[in-house]
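Notes follow once the structure below has been shown.
In the working numbering, the protein residues as written are 2 to 377.
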């Protein structure tokens with residue numbers, strides 16, 4: 002009779018030359034039995050946002066700078082992803098943008114810190130609006146490249162975060178912007194650079210006479226206690242912990258519930274997430290915010306690195322770079338983000354990740370540099 006001993010890595014057929022291929026664990030056949038933490042729902046939050054059609058109505062009548070100034074004054078509802086992540090647009094001038102954000106428990110990663118994707122969404126928003134403030138009516142900007150450097154960790158108790166974006170170069174077709182993120186104690190916690198391309202705005206028809214009715218949306222998210230993951234990590238390898246999240250024996254990260262993605266499979270130095278595009282992920286242009294696929298890339302690349310770590314260790318992303326090839330919207334359908342380790346060291350590891358659609362087309366590609374450290 003075959004022994005069912007605890008595996009310390011993927012099955013033999015996935016090791017050696019095939020290491021890194023994705024493999025999904027059969028539920029309940031990997032690690033010693035634990036309470037089903039995924040059923041221990043201890044936190045809930047109702048997310049609220051405005052129908053993106055309302056924003057499209059206002060976007061048709063106002064240019065870039067005027068549109069965002071009106072939003073900062075409260076005359077236009079906030080963008081869905083801003084509302085979901087408690088981001089407030091507080092100031093917009095030509096070449097400048099300022100956001101405030103109150104980090105909450107619905108934004109955290111599996112071990113209780115604010116997810117790096119929140120940094121990316123803040124930075125892409127501030128840098129992008131600073132760029133759009135220069136754009137003439139009938140045109141918009143889209144992110145083509147975003148680089149985020151993570152200087153300090155952020156928690157739900159860090160106080161109000163401020164993110165400021167400023168344009169560094171204004172061209173006819175390409176603009177460059179920088180963003181800085183400061184925590185509630187005035188410390189720099191992140192810096193970013195974005196490259197934005199000028200494209201024609203959609204919806205060239207006659208503007209509607211009034212915004213659409215039934216504008217408000219709600220969505221309830223629930224998540225388990227991240228301390229459960231921290232306790233489980235103390236005596237298990239990263240591969241074991243990631244596998245238990247994938248098969249539901251440990252809870253998913255709150256940020257995954259908030260933005261609507263899930264860990265689908267893990268392997269030796271590999272991890273894959275699935276995500277269904279949703280309205281609550283939308284940016285001012287009526288497509289999924291660029292920070293959302295950046296969050297997927299940070300998650301997939303980081304979890305791929307985590308599978309290589311020994312028991313009692315976690316990691317922090319120190320740098321994230323994403324290149325955007327195609328927009329994502331509701332009609333894109335489900336997307337998949339596959340991360341794989343390309344260089345693993347005792348302290349520093351590098352992983353790549355691709356976001357692909359159901360036809361296998363690459364929508365966004367990214368690289369994360371991660372630093373291993375004892376679990377805090």
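We treat Cβ as the ideally placed atom computed from N, Cα and C, and that holds for glycine.
Fair warning: this is a prediction, and the values are worked out from it, not measured in the lab.
The three-state reading of DSSP puts residue 364 in strand, counting E and B together.
For residue 120, there is no enclosing beta strand (DSSP E); the residue is found in the alpha helix (DSSP H) stretching over 117-133.
Leaving aside the five residues that flank residue 359 on each side, the residues in its chain whose CB is nearer than 7 angstroms to its CB run, in chain order, 334 and 335. Remark: three or more beta-carbon pairs, one from each stretch, lie closer than 8 angstroms, so the stretch 161-172 and the stretch 180-193 are flagged as touching.
Distance from the CA of residue 318 to the CA of residue 376, rounded to the nearest whole angstrom, comes to 14 angstroms. For residue 373, the pairing in a beta bridge is given by DSSP as 316.
In summary, residue 337 is buried, with 16 or more beta-carbon neighbours lying within 10 Å of its beta-carbon over all protein chains present.
By alpha-carbon distance to residue 135, the top candidate from 153, 173 and 110 is 173. Residue 187 is not a Cβ neighbour of residue 149, given a cutoff of 8 angstroms. Listed in chain order, the beta strand (DSSP E) runs fully inside the stretch 174-245 are 175-183, 189-201 and 217-225, counting runs of at least 3 residues. In the three-state scheme derived from DSSP, where H, G and I count as helix and E and B as strand, residue 301 is classed as helix. Residue pairing for residue 345: DSSP places it in a beta bridge opposite 350. Checking the DSSP bridge columns, you'll see residue 170 partnered with 177.
Under DSSP, residue 272 takes part in a beta bridge, and its partners are 267 and 340. Listed as beta-bridge partners of residue 49 by DSSP are 219.
Setting aside the 5 residues that flank it on each side, residue 293 is surrounded in the same chain by 82, 118, 122, 260, 276, 282 and 329, each with a C-beta closer than 8 angstroms to its C-beta; the list follows chain order. In the DSSP annotation of this structure, residue 146 is not part of any alpha helix (DSSP H); the continuous beta strand (DSSP E) holding it starts and ends at 140-151. Residue 339 sits buried, since 16 or more C-beta atoms from the chains shown fall within 10 Å of its C-beta. Residue state for residue 137 is assigned as coil, using DSSP reduced to three classes. DSSP places residue 56 within a helical segment (H, G or I) once states are collapsed to three.
The continuous beta strand (DSSP E) containing residue 100 extends over residues 97-102.
The straight-line gap separating the alpha-carbon atoms of residue 370 and residue 111 is approximately 18 angstroms.
For residue 327, the number of other beta carbons within 10 angstroms of its own is below 16, and it is reported as exposed. Between the beta-carbon of residue 242 and that of residue 230 there is about 7 angstroms, and that keeps the pair under the 8 angstroms contact cut.
Contact annotation, residue 355 with residue 363: C-beta distance approximately 5 angstroms; criterion of less than 8 angstroms satisfied.
Annotation for residue 88: the continuous beta strand (DSSP E) segment containing it runs 88-94. Cβ-Cβ distances below 7 angstroms link residue 87 to 102, 103 and 105 in the same chain, with the five nearest sequence neighbours on each side left out; the list follows chain order.
Listed in chain order, the non-local C-beta contacts of residue 85 below 7 angstroms within the same chain comprise 48, 50, 259 and 281, local neighbours out to five positions each way being set aside.
The alpha carbon of residue 185 has as its nearest neighbour, out of 196, 157 and 171, the alpha carbon of 157. Contact between residue 145 and residue 198 is confirmed by a C-beta separation of about 5 angstroms, below the 8 angstroms threshold.
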